[in-house]
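Peer 1:
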Amino acid sequence: MTVQNYFPAADGKTVSAGDGLTRKVGANNDNLMCVEVQFEKGAVAPLHSHPHEQVT
Numbered sequence: 001m002t003v004q005n006y007f008p009a010a011d012g013k014t015v016s017a018g019d020g021l022t023r024k025v026g027a028n029n030d031n032l033m034c035v036e037v038q039f040e041k042g043a044v045a046p047l048h049s050h051p052h053e054q055v056t
């Protein structure tokens, strides 16, 4: 069985990820998460970790 977990960036929803940060998930499954992150000038992402591989 093949499962497709890819969502073209144009179809993804942009959501707030903190002060001055937005993110759009491009792909996500149990082992991998691919995210487009936008930083406004001066924005800083908080330290965090994930249980899976990340591509940003």
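Residue numbers (full-length UniProt numbering): 1 to 56.
Every residue, glycine too, gets a C-beta built ideally from N, C-alpha and C.
#1: Which residues in the same chain as Gly20 place their Cβ atom closer than 6 Å to its Cβ, once the five residues preceding and following it in sequence are excluded?
#2: Can you check which of these residues, Val55, Gln54, His52, Gln38, is closest to Ala17 by C-alpha distance?
#3: Please report the Cβ distance between His48 and Leu32, rounded to the nearest whole angstrom; I am assuming they are in contact, meaning their Cβ atoms lie under 8 Å.
#4: Go to Val35, then tell me how far its beta strand (DSSP E) extends in each direction, as first and last residue.
#5: How many Å lie between Cys34 and Pro46 at the Cα?
Peer 2: Reading off the structure:
#1: Translated into the one-based positions of the sequence shown, residue 20 becomes position 20. Here the set comprises Glu40, Ala43.
#2: Position 17 of the sequence shown, counted from the first residue, corresponds to residue 17. Distance check between Ala17 and each of Val55, Gln54, His52, Gln38 places Gln38 closest, using alpha-carbon atoms only.
#3: Numbered from 1 along the sequence shown, position 48 holds the residue referred to as residue 48. Numbered from 1 along the sequence shown, position 32 holds the residue referred to as residue 32. Rounded, the Cβ-Cβ distance is 17 Å, inconsistent with contact.
#4: Counting from 1 along the sequence shown, the entry for residue 35 is found at position 35. Where Val35 is concerned, the enclosing beta strand (DSSP E) stretches over 32-39.
#5: Taking the sequence shown and counting its residues from 1, the one referred to as residue 34 is at position 34. Taking the sequence shown and counting its residues from 1, the one referred to as residue 46 is at position 46. Distance between Cys34 and Pro46, taken at the CA atoms: about 18 Å.
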